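Worksheet: one structure, shown below.
Protein chains: 2
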Amino acid sequence: MHVVVPFAADTPKTRLSGVLAPTERTTLARAMLADVLSAVVATGHVPTVLSTSPLTVESLFSSDDQHASVSPALESLREIPVTVDDRPLTAAVNAYLEAAEEPVAIVMADLALATPAALSTVFDAGAADGVAIAPGRGGGTNALVVRHPDFRVDYHGASYVDHREHATEIGAPLESVDSFRLGTDIDEPADLVEVLIHGREDGNQSRTATRLRELGFELETTDGRVTVVRTESDP
Amino acid sequence: MHVVVPFAADTPKTRLSGVLAPTERTTLARAMLADVLSAVVATGHVPTVLSTSPLTVESLFSSDDQHASVSPALESLREIPVTVDDRPLTAAVNAYLEAAEEPVAIVMADLALATPAALSTVFDAGAADGVAIAPGRGGGTNALVVRHPDFRVDYHGASYVDHREHATEIGAPLESVDSFRLGTDIDEPADLVEVLIHGREDGNQSRTATRLRELGFELETTDGRVTVVRTESDP
Numbered sequence: 001m002h003v004v005v006p007f008a009a010d011t012p013k014t015r016l017s018g019v020l021a022p023t024e025r026t027t028l029a030r031a032m033l034a035d036v037l038s039a040v041v042a043t044g045h046v047p048t049v050l051s052t053s054p055l056t057v058e059s060l061f062s063s064d065d066q067h068a069s070v071s072p073a074l075e076s077l078r079e080i081p082v083t084v085d086d087r088p089l090t091a092a093v094n095a096y097l098e099a100a101e102e103p104v105a106i107v108m109a110d111l112a113l114a115t116p117a118a119l120s121t122v123f124d125a126g127a128a129d130g131v132a133i134a135p136g137r138g139g140g141t142n143a144l145v146v147r148h149p150d151f152r153v154d155y156h157g158a159s160y161v162d163h164r165e166h167a168t169e170i171g172a173p174l175e176s177v178d179s180f181r182l183g184t185d186i187d188e189p190a191d192l193v194e195v196l197i198h199g200r201e202d203g204n205q206s207r208t209a210t211r212l213r214e215l216g217f218e219l220e221t222t223d224g225r226v227t228v229v230r231t232e233s234d235p
Numbered sequence: 236m237h238v239v240v241p242f243a244a245d246t247p248k249t250r251l252s253g254v255l256a257p258t259e260r261t262t263l264a265r266a267m268l269a270d271v272l273s274a275v276v277a278t279g280h281v282p283t284v285l286s287t288s289p290l291t292v293e294s295l296f297s298s299d300d301q302h303a304s305v306s307p308a309l310e311s312l313r314e315i316p317v318t319v320d321d322r323p324l325t326a327a328v329n330a331y332l333e334a335a336e337e338p339v340a341i342v343m344a345d346l347a348l349a350t351p352a353a354l355s356t357v358f359d360a361g362a363a364d365g366v367a368i369a370p371g372r373g374g375g376t377n378a379l380v381v382r383h384p385d386f387r388v389d390y391h392g393a394s395y396v397d398h399r400e401h402a403t404e405i406g407a408p409l410e411s412v413d414s415f416r417l418g419t420d421i422d423e424p425a426d427l428v429e430v431l432i433h434g435r436e437d438g439n440q441s442r443t444a445t446r447l448r449e450l451g452f453e454l455e456t457t458d459g460r461v462t463v464v465r466t467e468s469d470p
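Just so you know, the sequences run in chain order A and B. Quick note on our numbering: the first sequence kicks off at 1 and runs consecutively. Quick note on our numbering: the second sequence kicks off at 236 and runs consecutively.
Right, here's the structure in full:
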């Protein structure tokens, strides 16, 4: 199975622009990508980054990376291949699906809470000629395994609903995978709470949580609700 | 194992007051409670409703309930016991824990996406002297299994973080259960999207989704994001 991680290298995470400057958003997006790639490699798969512009994977993983101390080895992380395709997400993924000769998994690059266990569950899910989806909040398709040759993606809008209908149309059985970790994509300021709460639970440290803390973010509880506050600098 | 479902019968779902009138919020809260109780009964457990005021469980399940056609039988649903405790959530649950002589599971009444499979996973999780939690968005404790005699709850704020620390303090091993369905409590208008998307996937119809549709809610996609709109009436 091919595992593809699409990455918008040029305009990352615009919905976080209220709390993070452009270079900080790039830093955070790259930390999330590194965490996702690291979790995929730990499942035993070699991911391909499908990037909108050239990307040096080595630069995601510094030689003093404290986060790769447990698994997987730094060398295997730094050898992850990159395919550049500057088309929009849907077109790029469909081109990849069309050319693929074996099952393909598509994992979003902002699933900062992804663990090897959660990813293995979705990689192993679905029938031999079917589709498996770990839905995201708001009807997103956060992780997807495609084993049916005719399945194509459309990431616009409530893509989970559209993908479910499309699977029915082409007769591909669909399995929905129930995962809070894979259901949590980091798009908006409120999502940063989840990184700080859950970002370091499976033994490996979370690069994303580390970067957020370096940027001055911490949890705050007000009126019984939890938010993030930024104590050091502002964009 | 005792399964307890706390229910705030008097002031339900105030954060939905922007889109639902008080009586409608009561209708929705009761539909969610009915869905949760139905899912618990389908796991083979008999839940107890821990209600802030007297509640007739029979009235949650009408005799022409289309949703109970698959499982479980309507009679077993209508015989669910109710314990009235008008104290705040934390105090009422702790009193229950203190009196209990066997493990206790506490399942929030607004987990409208709960399925028997997701609940069984959390009921079966955790060590014999430990604690298992299915966290909610924002650090909530949406479903909790307590097998350690000294564990007490504190639902204020980021309760998942506090419960994790408390478990460490008393030497109770904690297992976190990764479930999108149990992680999704229905508190705010944006959460209604999840009910309409995921509310009827496991063969049983969702009472909550049915009520929302009766109230005129449907999905709408604007600028690539999914929201609910209300087509018929407004509060």
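Every residue, glycine too, gets a C-beta built ideally from N, C-alpha and C. All values derive from a computational prediction rather than experimental measurement.
Bridge partner(s) assigned by DSSP for residue i
i      : result
A:R225 : A:T222
A:L174 : A:V131
A:R152 : The partner list for A:R152 (beta bridge, DSSP) is empty, contrary to what the question assumes.
B:G375 : B:G371
B:R465 : B:F452
A:F7   : A:S51
B:A340 : B:V238, B:V380
B:V317 : B:V284
Cross-chain neighbours of residue i in chain A, by beta carbon under 9 angstroms
i      : result
B:S355 : Per Cβ cutoff of 9 angstroms: no residues; B:S355 is ~12 angstroms from chain A at best.
B:G365 : Result: empty, since nearest Cβ-Cβ is about 15 angstroms, beyond 9 angstroms.
Cross-chain neighbours of residue i in chain A, by beta carbon under 8 angstroms
i      : result
B:P370 : F180, I197, H198
B:G361 : The premise fails here: B:G361 is roughly 15 angstroms from chain A at the closest Cβ pair, so nothing lies under 8 angstroms.
Buried versus exposed call for residue i [16 or more other C-beta atoms within 10 Å across all chains shown]
i      : result
B:V342 : buried
B:T466 : exposed
B:H391 : exposed
B:V428 : buried
A:S38  : buried
A:I186 : buried
A:S17  : exposed
B:P179 : Since the first and last residues shown for chain B are 236 and 470, residue 179 of chain B lies out of range.
A:G136 : buried
A:I133 : buried
B:R478 : Within the shown structure, residues of chain B are numbered from 236 to 470, placing residue 478 of chain B beyond reach of any answer.
B:R442 : buried
B:D321 : exposed
B:E400 : exposed
A:D35  : buried
A:P22  : exposed
B:P384 : exposed
A:I197 : buried
Per-residue contacts from residue i into chain A (C-beta, under 7 angstroms)
i      : result
B:V396 : I197
B:A393 : I197, L219, T221, V226
Spatially closest choice to residue i from the options, by CA coordinates
i      : options                        : result
A:A9   : A:H2, A:F217, A:L50            : A:L50
B:L295 : B:L268, B:A256, B:R416, B:P289 : B:L268
B:L312 : B:S297, B:D320, B:P323, B:D321 : B:S297
B:T376 : B:A362, B:A363, B:A344, B:S355 : B:A344
B:L324 : B:P241, B:M236, B:S414         : B:P241
B:V464 : B:V328, B:G434, B:D426         : B:D426
A:S176 : B:P257, B:A402, B:G434         : B:G434
B:H280 : B:P338, B:V328, B:P424         : B:P338
A:A91  : A:L113, A:D154, A:H163         : A:D154
A:L28  : A:P116, A:T52, A:P12           : A:P12
B:L332 : B:H237, B:T456, B:E455         : B:H237
B:V275 : B:A352, B:S394, B:F415         : B:A352
B:V319 : B:R387, B:V239, B:R382, B:V380 : B:V239
A:H163 : A:V131, A:R181, A:L215         : A:V131
Per-residue contacts from residue i into chain B (C-beta, under 9 angstroms)
i      : result
A:G138 : A425, V428, E429, I432, R460, V461, T462
Chain B contact residues for residue i, given Cβ-Cβ distances below 8 angstroms
i      : result
A:T210 : The premise fails here: A:T210 is roughly 18 angstroms from chain B at the closest Cβ pair, so nothing lies under 8 angstroms.
A:G216 : Chain B residues near A:G216: none, gap ~19 angstroms exceeds 8 angstroms.
Beta-carbon neighbours of residue i, restricted to chain B and to distances below 7 angstroms
i     : result
A:G18 : Under the 7 angstroms cutoff, chain B gives no residues; its nearest Cβ is about 16 angstroms from A:G18.
Chain C contact for residue i (CB, 9 angstroms cutoff)
i      : result
B:L332 : Of the protein chains in the structure, A and B, none is chain C.
Near-chain A residues of the stretch 400-411 of chain B (beta-carbon distance less than 7 angstroms), N- to C-terminal order: For the stretch 400-411 of chain B, the set of positions with a beta-carbon nearer than 7 angstroms to some beta-carbon of chain A reads S411 in chain order.
Residues within the stretch 44-59 of chain A neighbouring chain B, beta-carbon criterion of under 8 angstroms: Shown here is that no member of the stretch 44-59 of chain A has a Cβ falling below 8 angstroms from a Cβ of chain B.
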